[in-house]
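Structure record follows, encoded as structure tokens.
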DNA sequence: CGCTTGATTTGACTCGGTCAAGACAAGCGG
DNA sequence: CCGCTTGTCTTGACCGAGTCAAATCAAGCG
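Chains as they are written, first to last, in the working numbering: chain A, 77 to 233; chain B, 77 to 233.
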């Protein structure tokens, strides 16, 4: 990938610094990484970067819209540079793996709730929970039990 | 409301204790309360209950399916006793208020992702983000700014 | 080159929640 | 009704993820 991030940063009104380039490259290589992973990866390009610097960079990137923060229940926050399009996420209950999924429907009925209780809705966030291919293959006998864990609210699909 | 919780607990294989009844009553009165609120409310019925006891009770209730845990991004977890039906949530970006919203669609297209990347999906979790009636009325001038905050990923509705 | 201002470093700190050991009581058999 | 067993509650220490603040540093301007 190796996009030239510098102009993107400048367009957004941010200065171009080594920590920011290192984090952006790390994000491009690891589409759904948590802060801790990004520290490790970013250190390949910038060995002295501190965890707090990464938090600061990520906060700045999210604030200007260059990155997006995703917070699956029960896991540390993940970050991604794929922004501007409308996509959702598949999350594996077992290993936490995340995959992107496009919303192929223009006007999804379920996403325009009939009774909004006076709310003005500006975004619908969808998370699909399940088991990834690897975890299904690795622990077929546990599948039923794992699925039972969050099945209580009623499955949708 | 004052449902008789005792048989529900016993059916689920749990003992009937004062802390559990207090927390269940608190949950019935406060449909989307966080753990801290539940401690406060439960203490009206059981003044000596400890926060950790509430956490323990909630964990037990969620494990047997008598309660559901909801974790909106950037806020402490909420609990509700409305289980078994399939409903989603409206969350106010400004004050964190939560409202239930039924999914009135039987088979929602967006909830059956075309490409599941090898995942077996068992649940689709939907969170609608926006502003509640009160916050819209209270801070009309801030509305645009607040909405800008998470608008970056592309609004759905 | 040097200034200004935003960015980074360092370290302490907060919050939400978990873990573990012992005291306690629900619900069983007698 | 009594006492036992086992699950539950209490108490207190602990943890991870993330934030805050002061001081240092450097990007980008003139």
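Idealized CB from N, CA, C, for every residue including glycine.
*Just the chain B side, please: which residues come within less than 8 Å of residue 150 of chain A by C-beta, in chain order?*
Here the neighbours are 147.
_Rounded straight-line distance, which links the Cα of residue 143 of chain A to that of residue 173 of chain B_ = 26 Å
*Start and end of the alpha helix (DSSP H) containing residue 132 of chain B?*
127-140
*Same chain only: Cβ atoms within 8 Å of residue 130 of chain A, ignoring 5 sequence neighbours per side*: 95, 99, 111, 114, 115, 118
*asked:* Quick check on DSSP: helix, strand or coil for residue 211 of chain B?
replied: helix
*Along chain A, which residues have their Cβ under 8 Å away from the Cβ of residue 89 of chain B?*
Neighbours of residue 89 of chain B on chain A: none; closest Cβ ~14 Å, over 8 Å.
*Distance between residue 150 of chain B and residue 209 of chain B (C-alpha atoms, nearest Å)*: 21 Å
*Name the residues in the region 195-215 of chain A whose C-beta lies less than 7 Å from a C-beta of chain B; which are they?*
Answer in chain order: 195, 196, 197, 198, 199, 200, 201, 202, 203, 204, 205, 206, 207, 208, 209, 212.
*For the candidate residues B/136, B/139, B/135, B/156, whose alpha-carbon lies nearest to that of residue 104 of chain B?*
B/156
*Near residue 107 of chain B, what residues of its chain come up, given a Cβ to Cβ distance below 6 Å and the 5 sequence neighbours on each side ignored?*
156.
*Which residues in chain B sit within 9 Å of residue 168 of chain A, going by Cβ to Cβ distance?*
In chain order: 195.
*CA-CA distance, residue 148 of chain B and residue 148 of chain A?*
9 Å
_For residue 145 of chain B, report the span of its beta strand (DSSP E) as first-last._
144-146
*asked:* Between which two residues does the alpha helix (DSSP H) holding residue 175 of chain A run?
replied: Counting along the chain, residue 175 of chain A falls outside any alpha helix (DSSP H), though it belongs to the beta strand (DSSP E) covering 174-178.
*Within 8 Å (strictly less), CB to CB, does residue 175 of chain B reach chain A?*
yes
*Compare the beta carbon distance of residue 201 of chain A and residue 203 of chain B with 8 Å and say whether it is the shorter of the two.*
yes
*Report the partner residues of residue 201 of chain B according to the DSSP bridge assignment.*
Residue pairing by DSSP places residue 201 of chain B opposite A/203 in a beta bridge.
*Residues in its own chain within less than 8 Å of residue 89 of chain B by CB, not counting five upstream and five downstream?*
140
*asked:* Helix, strand or coil, according to DSSP, for residue 104 of chain B in the structure here?
replied: helix
*Residues in its own chain within less than 8 Å of residue 82 of chain B by CB, not counting five upstream and five downstream?*
92, 97
*Would residue 192 of chain B count as contacting chain A if we go by Cβ distances under 8 Å?*
yes
_Mapping the DSSP letters down to three states, classify residue 110 of chain B as helix, strand or coil._
strand
*asked:* Using the three-state DSSP reduction, which class does residue 167 of chain B fall into: helix, strand or coil?
replied: strand
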